[in-house]
Amino acid sequence: MMKKRLISGAAITILLLLGTSLLVEATTPWMKSAPAISDTAIADETNSSDAALSQLVNNTKTSFHGVWGYNESNDTAGIITGTLVKHQRGVVLKGRWTTTDNTTQGRVVGVLRNGYFCGRLLMGNSTYYRITGLFRYDSDSKILSLRWMTKANIGWAHCQILQS
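According to my numbering, the sequence shown is numbered sequentially starting from 336.
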């Protein structure tokens, strides 16, 4: 038993070492030509988006209305509406979603913080799915854009922030 574990561990280690060295050699030419994006630029963009959204929602309920869809197509799959409320840890999103043909509907609850979205989709039959993704808030046009994913699907949502 111990001998089998030792041999299988050695085989896996060799495969991992060979696999990573081949991967590094294959990606080296692309790495040289790709434009460099600094980590501070990404952090500044997410922090400014998060700060602008927190300032907008500051201790008030702010409502939103928008459309959502799947990544496979640019067509809208449904409508999403709800409210944004500022809490200590971030902005809480609570809303309802429906499909365009009104066959399924449910609720979405999650937290928007530091450019990330994490929450749950509650279906009509009392089941829930975890949802996570990225968000960006454009303070000039008051548009909240989300890129989300669940265990089975990947999609997008664009919401207009309404005056509270």
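Every residue, glycine too, gets a C-beta built ideally from N, C-alpha and C. Note that this is a predicted model, so its numbers are computed, not measured.
Inside the stretch 416-441, DSSP marks whole beta strand (DSSP E) runs of 3 or more residues at positions 426-434, from first to last along the chain. The three-state secondary structure of L456, taken from DSSP, is strand. Under the criterion of beta carbons closer than 8 Å, G454 and V444 qualify as touching, at roughly 5 Å.
Put simply, the backbone Cα of T395 is about 10 Å away from that of T418. Burial is judged here by how many other beta carbons sit within 10 angstroms of a residue's own beta carbon; L497 has fewer than 16 and is exposed. As computed with DSSP, Q495 is found in a beta bridge with H400 and I478. Rounded to the nearest angstrom, the Cβ distance from Y405 to G490 is 5 Å, consistent with a contact under 8 Å.
Rounded to whole angstroms, the Cβ separation of L457 and Y451 is 20 Å, and the two are not in contact under 8 Å. When DSSP reads this structure, L469 sits in a beta bridge with Y451 and R482. In terms of CA proximity to T433, G413 leads the group Q423, V446 and G413. The alpha carbon of V427 has as its nearest neighbour, out of I415, L388 and Q440, the alpha carbon of L388. In the same chain as R442, and ignoring 5 residues on each side of it, the C-beta atoms closer than 8 Å to its own belong to K429, G430, R431, W432, L456 and L457, in chain order. Looking at the DSSP output, I342 bridges to nothing.
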